[in-house]
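Residues 4 to 282 (the working numbering) are what the sequence shown spells out, left to right. See below for the structure under consideration.
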Amino acid sequence: MAEPKKRETKAKRSSTNKSKVREAANQLQNAATTEAAVGVLNTAEGAADLQAASDLSKASRDSLAKGSSDATRGADALRAARRQARRGRKAAAEGERDVAQGSELLSASEELAIESAIVSEMSADDLDHGMKLASIAGQLWATSNVLSKFGMPLIADFLEDKGYDLQDLAENVLLRSGATQGLATAMAETSAEVGELGVGEVAEGIKQFAESEALENQSGLLADAGEQLTEQGLEEVVASEELSEAAREVRAEGVAQIATGAEEVGQAETASAVAEGLK
């Protein structure tokens with residue numbers, strides 16, 4: 004009677020132990036499943052981080068390329084600004100020289116005009132003087148003819164000779180008057196030509212000044228653009244470095260998450276195998 008009871012008790016105890024083992028195996032299996040899921044999620048997040056790191060690296064390269072391009076364009080603009088500034092200074096110097104030369108020519112033209120007027124006045128005086136001498140010569144001849152008729156041949160001959168002398172003198176004075184007038188006319192024409200040259204030089208100088216101002220304005224605009232592009236390029240290079248650093252950090256984090264996920268999946272597989280062995 005006692006022996007059957009012992010076997011029954013032992014059977015019950017064995018059944019209870021098996022139930023506990025199955026329960027523990029199920030719990031271990033559930034834990035393994037959860038850990039595997041967490042590992043897969045960590046691995047997926049790590050892969051996403053690696054993709055994000057790749058995107059950041061690309062953005063870093065793009066920013067570096069754009070920064071280098073902008074900095075190069077800025078340097079080119081600054082060089083162009085310096086060239087325009089040099090051209091502007093050269094144009095200003097040429098304009099100043101042309102205006103100075105034009106002023107000198109205009110001054111010379113005015114002096115020639117004054118001298119021409121003086122010579123012309125001298126010509127008018129010579130003409131008047133010559134005509135007076137010719138008139139006196141004619142009067143002497145007329146008087147000589149009258150005296151000759153009154154029987155005074157000596158005085159008549161003397162007056163006739165003096166008339167010829169005055170006539171020759173009048174002709175010389177009149178010829179000199181014509182030459183002086185020609186000189187005055189030539190001087191007036193020269194004055195006009197010199198004046199035109201002076202006006203042309205002054206106009207050219209003013210044109211050079213206008214060109215100089217335009218070049219200086221262009222130089223200023225190019226310098227501003229060059230400075231902005233250079234500054235923008237440097238900012239983009241700095242941003243590229245920051246993006247590159249962020250990419251390294253995200254990549255390291257992604258690698259760590261993948262490693263953690265792989266470890267968790269491995270542990271889950273081990274736990275699952277143990278759980279299967281316990282069932």
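Where a beta carbon is used, it is the ideal one built from N, C-alpha and C, also for glycine.
Assignment of Phe212 by DSSP, reduced to helix, strand and coil, places it in the helix class. The residue from Arg254, Ala74, Ser119 with its alpha-carbon nearest to that of Ala228 is Ala74. Inter-residue distance for Glu238 and Ala51 is about 28 Å (C-alpha atoms, whole angstroms). Counting only residues of its own chain and dropping the five nearest sequence neighbours on each side, Glu256 has a CB closer than 6 Å to the CB of Asp52. Short of 7 Å from the beta carbon of Ala173, and not among the five residues preceding or following it, lie these beta carbons of its own chain, in chain order: Gly133, Leu136, Ala137, Ala140.
Apart from the 5 residues on each side of it in sequence, Leu59 sits with its Cβ closer than 8 Å to the Cβ of Leu246, Ser247, Ala249, Ala250, Val253 in its chain, given in chain order. Distance from the CA of Gly203 to the CA of Glu192, rounded to the nearest whole angstrom, comes to 17 Å. Between the region 209 to 218 and the region 89 to 106, the count of Cβ pairs shorter than 8 Å is three or higher; the stretches touch.
In this structure Thr273 is exposed. Its beta-carbon is surrounded by fewer than 16 other beta-carbon atoms within 10 angstroms.
Secondary structure of Phe153 (DSSP, three-state): coil.
Burial state of Glu199 is exposed, judged by a 10 Å Cβ sphere holding fewer than 16 other Cβ atoms.
Looking at Leu169, Gln87, Glu48, the one whose alpha-carbon comes closest to that of Ala217 is Gln87. When the five nearest sequence neighbours on each side are left out, the beta carbons in the same chain lying within less than 7 Å of the beta carbon of Ser243 are those of Ser63, Ser66, Leu67, Gly70, in order along the chain. Burial is judged here by how many other beta carbons sit within 10 angstroms of a residue's own beta carbon; Asn175 has fewer than 16 and is exposed. Between Val197 and Gly105, the C-beta spacing is not below 8 Å. Rounded to whole angstroms, the Cβ separation of Glu38 and Gln260 is 15 Å, and the two are not in contact under 8 Å. The alpha carbon of Ala95 has as its nearest neighbour, out of Ser275, Ala271, Glu214, Gln231, the alpha carbon of Glu214. If you ignore the 5 residues before and after Val43, its C-beta comes within less than 8 Å of the C-beta of Gly264, Val268, all in its own chain and listed in chain order. If the five residues before and after Ser151 are omitted, its C-beta is found closer than 7 Å to the C-beta atoms of Ala159, all from its own chain and listed in chain order. Here the alpha carbons of Asn33 and Ala271 stand approximately 10 Å from one another. Taking the Cα positions, Asp164 is about 38 Å away from Ala189.
Distance from Thr146 to Leu157 at the Cβ level is roughly 13 Å; contact not present, criterion being Cβ atoms closer than 8 Å. Non-local C-beta neighbours of Asn220 in its own chain, meaning closer than 8 Å and more than five positions away in sequence, are absent. Contact between Ala56 and Ala226 fails: their C-beta atoms lie close to 40 Å from each other, not under 8 Å.
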